Amino acid sequence: MNYITSLFLFIMAAACNTKTDSLHTDISSINSMVMQNLEQATFAGGCFWCTEAVFERVRGVQDVVSGYTGGAQENPTYKEVSYGRTDHAEAIQMFFDPNQISYRELIEIFFATHDPTTLNRQGPDIGKQYRSGVFYHDEDQRQTVQKYITILINKGVYSDPIVTEVEPFSIFYPAKDYHQDYYQKHPDHPYIQAIAKPKVNKFKKQFKDKLKANS
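Per my numbering, residue 293 is the first one in the sequence shown, and the count goes up by one each step.
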């Protein structure tokens with residue numbers, strides 16, 4: 293876990309007992325202090341262990357945080373989200389250098405490394421918390437993802453309809469430290485071996501030019 297993640301988790305944890313307005317202020321402070329040259333992307337592609345593992349290996353992505361977004365409940369826990377007791381999805385928040393990787397390229401990787409045609413499901417994980425979703429941070433991101441979905445549809449890449457939700461970003465709640473960098477911490481975990489590792493290998497094979505050195 294690097295400095296960005298540590299600071300992000302610290303401020304979010306401190307904000308759990310504050311009002312939402314204060315929470316947004318704290319996140320803005322992070323952006324201005326630490327990420328002056330970085331942009332954000334927020335994706336939900338099933339279990340966040342898998343999605344995080346893929347994007348941590350993408351050139352230009354400086355940090356990835358696993359957590360929850362897309363619901364109304366404040367400060368959700370892993371148990372609440374994973375049991376489907378909230379409207380949140382397991383998701384990742386990433387910070388990337390647009391001079392090294394574009395948002396469009398991140399979108400391409402996102403769609404290639406999960407199934408955007410299964411409603412409220414990814415592999416063995418079933419429920420709205422495992423839905424496919426893109427949470428855009430500005431109008432450019434919204435247009436980028438909508439245009440790319442249109443391209444996929446026109447090319448007939450998938451035989452089934454794309455069900456990926458495209459929604460404006462609102463707020464992101466980081467998961468506890470236990471869930472951060474899970475792929476790296478628990479490489480021999482049966483779920484990691486069976487579900488996450490094939491996704492990572494697919495990324496490495498299909499996007500060799502976007503792979504970080506020594507990944």
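Heads up, the beta-carbon is just placed ideally off N, CA and C, and yes, glycines get one too.
None of the values given here were measured: they were computed from a predicted structure.
Nearest-angstrom Cα separation, counted from residue j out to residue i
i: Y422; j: D432; result: 25 Å
i: E400; j: H380; result: 23 Å
i: A345; j: A505; result: 15 Å
i: A404; j: K494; result: 8 Å
i: I443; j: V458; result: 15 Å
i: L411; j: I454; result: 9 Å
i: K371; j: R413; result: 17 Å
Short Cβ contact (9 Å threshold) for residue i with residue j
i: V373; j: K502; result: no
i: T343; j: Y465; result: no
i: I484; j: Y475; result: yes
i: H251; j: Q354; result: The structure shown has nothing for residue 251, since the chain only spans 293 to 507.
i: F388; j: L330; result: yes
i: Q385; j: V356; result: yes
i: S424; j: T378; result: no
i: H406; j: K491; result: yes
i: F499; j: T334; result: no
i: F340; j: A467; result: yes
i: A364; j: V426; result: no
i: G359; j: E382; result: yes
Counterpart residues of residue i in DSSP-defined beta bridges
i: R413; result: I418
i: Y427; result: It is Phe, not Tyr, that sits at residue 427 in the sequence shown. Answer is T334 and E459, bridged to F427.
i: A488; result: A488 is not bridged to any residue.
i: D355; result: F387
i: V346; result: Looking at the DSSP assignment, V346 forms no beta bridge with any residue, so it has no partner.
For residue i, three-class secondary structure by DSSP
i: S394; result: coil
i: T361; result: strand
i: E372; result: helix
i: F387; result: strand
i: A381; result: strand
Inside the stretch 438 to 481 only - alpha helix (DSSP H) runs reaching at least 4 residues: 474 to 477
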